[in-house]
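Structure first, then comments.
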Amino acid sequence: MWGKFVYHEINSPEKLVFVNSFSDAEANTIRAPFSEYFPLEIMNKLSFTEDEGKTTLIMRGGPIHATEEELKFFEGMHDSMKQGFGGTFDQLDAYLAKIV
158 MWGKFVYHEI NSPEKLVFVN SFSDAEANTI RAPFSEYFPL EIMNKLSFTE DEGKTTLIMR
218 GGPIHATEEE LKFFEGMHDS MKQGFGGTFD QLDAYLAKIV
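In terms of our numbering, the sequence shown is numbered consecutively and its last residue is 257.
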């Protein structure tokens, strides 16, 4: 499985904006392998703020150029995506705890 990330804005260390999609080996945008209704492209906006040595990450994202069916499918995946990101950040916390 391939993924494509096209960066639109990098403002280090405060902001990162990119569009991601599934792709083939030649970086052509393709449908997700698990659903014909998953949107082709997702715009992601990440902002980072620091306060007293702690970083807060705010992630916002959503489909662009999506059909009504794709929007509904994406909305139906919120809980799953929240769980997936949560697990990823839990792993990052555990890793950082080992090296700090």
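For glycine and all other residues, C-beta sits at the position ideal for the given N, C-alpha and C.
Are Val174 and Leu203 close, meaning C-beta to C-beta below 9 angstroms?
-> Cβ atoms of Val174 and Leu203: closer than 9 angstroms.
Identity of the residue in Glu209, Pro220, Met158, Gly243 nearest Gly233 by Cα = Pro220
Do the stretch 204-211 and the stretch 223-239 meet, that is, are 3 or more Cβ pairs less than 8 angstroms apart?
-> no
Counting only the same chain and skipping the five closest in sequence on each side, list residues whose C-beta sits under 6 angstroms from that of Phe242.
-> none
Tell me, please, whether the CB atom of Phe231 is closer than 9 angstroms to any CB atom in chain B?
-> Going by chain labels, chain B is absent from the structure shown, which holds only one protein chain.
Could you tell me if Ser192 is buried or exposed, where buried requires 16 or more neighbouring beta carbons within 10 angstroms of its beta carbon?
-> exposed
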